[in-house]
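Read the structure below first, then the notes.
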Amino acid sequence: MITVEFNNVTKAYPLYHHFAMGIKSLLLHPSKILTIFKSARYIAIEDVSFSINKGETVGFIGRNGAGKSTSLALIAGVLAPTKGTITVKGRIASMLELGGGFHPELTGRENIRMNASLLGLRKKEINKKLDQIIEFSELGDFIDEPIRIYSSGMLAKLGFSVISQVDPDILIIDEVLSVGDGPFQEKCLKVIESFKNKCVTILIVSHDMNTIKKICDKVVWIENHKLKKFGNTETIVKDYLNFMN
Amino acid sequence: MRYSIGYLFELVLVITGKEIKIRYKNNIFGYLWSLANPLCFAFIYYVAFKVVMKVPVENYTLFLLCGLFPWQWFANSLIMGMGGFLSNAQIIKKTAFPRFVIPFSTVLMECFHFIFAIPVIFIFLHIYGFSPDWIWLAGVPIIGLAQILFSFGLAILFATINLFFRDIERFVSLAIMMLFYATPILYSVDLVPKEYLWVFNANPLSSMILSWRDLFMHNNLNWGYVGNFYISSLICVFLGMWTYNKLKDRFAEVL
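In the order they appear, the protein sequences are chains G and P. At position 67 of the first sequence the residue is numbered 100 (this note's numbering), and the sequence of numbers has no breaks. At position 156 of the second sequence the residue is numbered 345 (this note's numbering), and the sequence of numbers has no breaks.
Shown next as structure tokens:
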């Protein structure tokens, strides 16, 4: 069964800084007025198609700025495609950025509630899982401190604790686990293993090829905003490493 | 993805709770500050317009407060709500949830402030020898609902436009200031020269203030005003939601 499907997806961002130029530069450089109306666009991914089956763990690899994060944001439903269609089936738990979906002034506990609510959980479920999440996060007394004082490792722990305890059908993790300490990374990998056994679809961005090789069934390699290769982990990672060197 | 009403309700409460916590994080007096503003303005206007300029309106302080508290609710909802998507960029960019709950939460939070201000109106009613009536129990929710819709409609409309055209924020602040004087808060409508009356008939905020004042001071639900107010509220909600639905998919990319 297909859970995530990309059909000739293109995502282009209009470059909004043109609007932000302000009236001063407009008056000083009237010739630039035209450039505002010209559609200045940045193409993040172009004509990408792939489909991911239920229960598969898929790694997204490629250089910085190639379009990996955009692809995940599209799957998470934060962005909408410019062209093409995206089908996603099931509840998504996403961790698109360190501290993403959190508010710095709220405490860890308050942020868990807010984040879980944003991810689509009902209050009852949150109450039931709150202790579990806090325990998993290993944050101890820090859980009642505002998260602006957290280190990036602690933020990663908090974020991963929430998404791992909300029973998602699809788990999206964008290159955030690398900041956690060794034991916690181990724990995360274990959780990911257990999710795999529960037939949860996992999508992960990482630059660490060892992690990718260890957990991913398939790999999406995005190069220069286009899908370069999609398929078996072993072969693509090998090609990728050769290509990068 | 469809969201159930129960979920949306809980999400609104969570976001509202968050806004309140952040707003009063380092304030000892908390919500009392929301009373300070209208009370202070009531004092200023009383001195300026009653003591100095001798406006021929009876029970002027009470008259002012009955207009200032609803006005504060409206104006704050719009001003704060307009920046809501910007100040919540962090969660909008990283999670997919129905974004309209953000301006709605702002309106709701200001609504709570208004409800907490009602006892102050009680006190002033008492000072001026008025007494509230049971009709308030029906009147406050009826006019309140219209005001929630009205404020929400405008807040989401301008919050959405504000993402793509940030100048709108300045424009709206100025417009709110002008509207304040074009709405019968400081004066009563019968003081207005006949040739300018159309301004007040066209201004939905007049119906809003007049509905509240009729309820608070005369224990009377004026269905003419309330009806007018509901019609403008529905128009605002329609305009706001239409604009929002057109542009909501692009929020994350412009933030």
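Heads up, the beta-carbon is just placed ideally off N, CA and C, and yes, glycines get one too. Please read all numbers here as calculations on a predicted model, not as lab measurements.
Between residue 324(P) and residue 408(P), the beta carbon gap of about 5 Å places them in contact (Cβ cut-off 8 Å). Judged by their CB atoms, residue 134(G) and residue 177(G) are not nearer to each other than the 8 Å cut-off.
Annotation note: the segment 212-250 of chain P contains the following uninterrupted alpha helix (DSSP H) runs of length 4 or greater, listed N- to C-terminal: 221-234.
Restricting attention to 214(P), 266(P), 192(P), the CA atom closest to the CA of residue 338(P) is found in 266(P).
Per DSSP, reduced to three states, the secondary structure at residue 161(G) is helical. Only buried fits residue 404(P), as 16 or more other CB atoms lie within 10 angstroms of its CB. As a beta-bridge residue in DSSP terms, residue 207(G) pairs with 238(G). Looking at 196(G), 127(G), 116(G), the one whose alpha-carbon comes closest to that of residue 78(G) is 116(G). Taking a Cβ-Cβ cut-off of 8 Å, residue 82(G) has no neighbours in chain P, whose nearest Cβ is about 21 Å from it. In this chain, residue 319(P) is not harboured by any beta strand (DSSP E), its DSSP state being neither H nor E. Of all residues in the segment 93-119 of chain G, the ones placed with a Cβ closer than 8 Å to any Cβ belonging to chain P are 106, 109, 110, 111, 112, 113, in chain order. Contacts between residue 199(P) and chain G, judged by CB atoms closer than 7 Å, involve 150, 155, 156 in chain order. The beta-carbon distance between residue 208(P) and residue 150(G), rounded to whole angstroms, is 14 Å. This is too long to meet the 8 Å contact definition.
Residues of chain P whose Cβ lies closer than 9 Å to the Cβ of residue 143(G) are, in chain order, 206, 207, 210. Taken atom to atom, the span from the alpha-carbon of residue 210(P) to that of residue 216(P) is near 10 Å. Boundaries around residue 365(P) are those of the alpha helix (DSSP H), 357-370, since no beta strand (DSSP E) includes it. Using beta-carbon distances, residue 74(G) does not count as an interface residue toward chain P, since no partner is under 8 Å. DSSP places residue 79(G) outside any alpha helix (DSSP H); the residue lies instead in the beta strand (DSSP E), whose first and last residues are 74-86. For the 8 Å CB-CB criterion, residue 394(P) and residue 410(P) do not form a contact. Fewer than three Cβ pairs drawn from the segment 304-314 of chain P and the segment 359-379 of chain P lie within less than 8 Å of each other, which leaves the two stretches out of contact.
When C-alpha distances from residue 207(G) are compared across 241(G), 231(G), 228(G), the shortest belongs to 241(G). Apart from the 5 residues on each side of it in sequence, residue 248(P) sits with its Cβ closer than 7 Å to the Cβ of 317 in its chain, given in chain order. One finds 283 in chain P with Cβ atoms closer than 7 Å to the Cβ of residue 129(G), taken in chain order. Closer than 9 Å at the C-beta level to chain G, one finds these residues of the segment 268-280 of chain P: 277, 279, 280.
DSSP links residue 91(G) through a beta bridge to 236(G), 251(G). With respect to the 8 Å criterion, residue 196(G) and residue 105(G) are not classified as neighbours on the basis of their beta carbons. Boundaries for residue 179(G): no alpha helix (DSSP H) harbours it, and the DSSP string shows neither H nor E there. As computed with DSSP, residue 38(G) is found in a beta bridge with 84(G), 120(G). Residues of the segment 211-227 of chain P whose Cβ lies closer than 8 Å to any Cβ of chain G, in chain order: 211, 214.
If you draw a 10 Å sphere on the C-beta of residue 327(P), you find fewer than 16 other C-beta atoms in it, and that means exposed. Residue 335(P) and residue 415(P) do touch by the CB rule: their CB atoms are close to 7 Å apart, below 8 Å.
With a cutoff of 8 Å on beta-carbon distance, residue 295(P) and residue 433(P) are scored as not near each other. If you check the CB distance, residue 89(G) and residue 266(G) do not come in under 8 Å. A residue is called buried once 16 or more other Cβ atoms fall within 10 Å of its Cβ, and residue 239(G) is buried on that count.
Under the DSSP assignment, residue 260(G) falls in the beta strand (DSSP E) whose first and last residues are 259-265. Any Cβ of chain P closer than 8 Å to the Cβ of residue 48(G) would place that residue at the interface, and such an atom is absent.
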